Amino acid sequence: MDHLDPSTLIKIEISTRFLPNQSDAESHRFVFSYEITITNDNSQAVKLLSRRWVVTDGNEHVQEIEGEGVVGEQPVIPAHDSYKYTSGTVLATRVGSMFGHYTMETAEGERFNAPIPAFTLAQPNALH
Numbered sequence: 001m002d003h004l005d006p007s008t009l010i011k012i013e014i015s016t017r018f019l020p021n022q023s024d025a026e027s028h029r030f031v032f033s034y035e036i037t038i039t040n041d042n043s044q045a046v047k048l049l050s051r052r053w054v055v056t057d058g059n060e061h062v063q064e065i066e067g068e069g070v071v072g073e074q075p076v077i078p079a080h081d082s083y084k085y086t087s088g089t090v091l092a093t094r095v096g097s098m099f100g101h102y103t104m105e106t107a108e109g110e111r112f113n114a115p116i117p118a119f120t121l122a123q124p125n126a127l128h
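Quick note on the working numbering: the sequence shown kicks off at 1 and runs consecutively.
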């Protein structure tokens, strides 16, 4: 029996927003929100156990963030269903990027990492 890698059946979509009302350029504080949709195309439910982010600002300052779950939850995502959440980050520059992975577990107890593709955080008009 062929065994598909469950990580290949996890689709991660990201949309980002700059939050000008929470940002302060003089203080080098640029706040961004990101909405993530995780779609589980596996034939069984998966549980999101933890996350690991690598955040890089425009000065090449790298910050690694690890923790349990997302937004205080360890959601179970049913087969062929999606889970959506919104979170945020603060950068010292107008532009940065993030990537990482979620550690997930199948209903059968198999753990795997679902890669989060790199995405850009940018204040509008900061990239020309």
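Positions of the beta carbon are idealized from the N, C-alpha and C atoms, including for glycine.
Just so you know, these numbers come straight off a predicted model, no measurement behind them.
Excluding the five sequence neighbours on either side, which residues of its own chain have a C-beta within less than 7 angstroms of the C-beta of residue i, listed in chain order?
| i | result |
| --- | --- |
| Ser23 | Arg29, Phe30, Val31 |
| Ala79 | Asn40, Asn42, Ser43, Gln44, Ala45 |
DSSP three-state label for residue i, please.
| i | result |
| --- | --- |
| Glu26 | helix |
| Asn40 | strand |
| Thr89 | strand |
| Pro6 | helix |
Taking buried to mean at least 16 other C-beta atoms within 10 Å of its own C-beta, is residue i buried or exposed?
| i | result |
| --- | --- |
| Ile10 | buried |
| Leu48 | buried |
| Leu4 | exposed |
| Ala114 | buried |
For residue i, collect the residues of the same chain with a Cβ closer than 8 angstroms to its Cβ; drop the 5 residues on either side in sequence, then sort them by chain order.
| i | result |
| --- | --- |
| Ala118 | Ser97, Met98, Phe99 |
| Glu60 | none |
Looking only at its own chain, which residues have a Cβ that is under 6 angstroms from the Cβ of residue i, when we skip the five neighbours before and after it?
| i | result |
| --- | --- |
| Ala122 | Val95 |
Does the separation of the CB atoms of residue i and residue j fall below 9 angstroms?
| i | j | result |
| --- | --- | --- |
| Arg52 | Ile36 | no |
| Tyr102 | Ile38 | yes |
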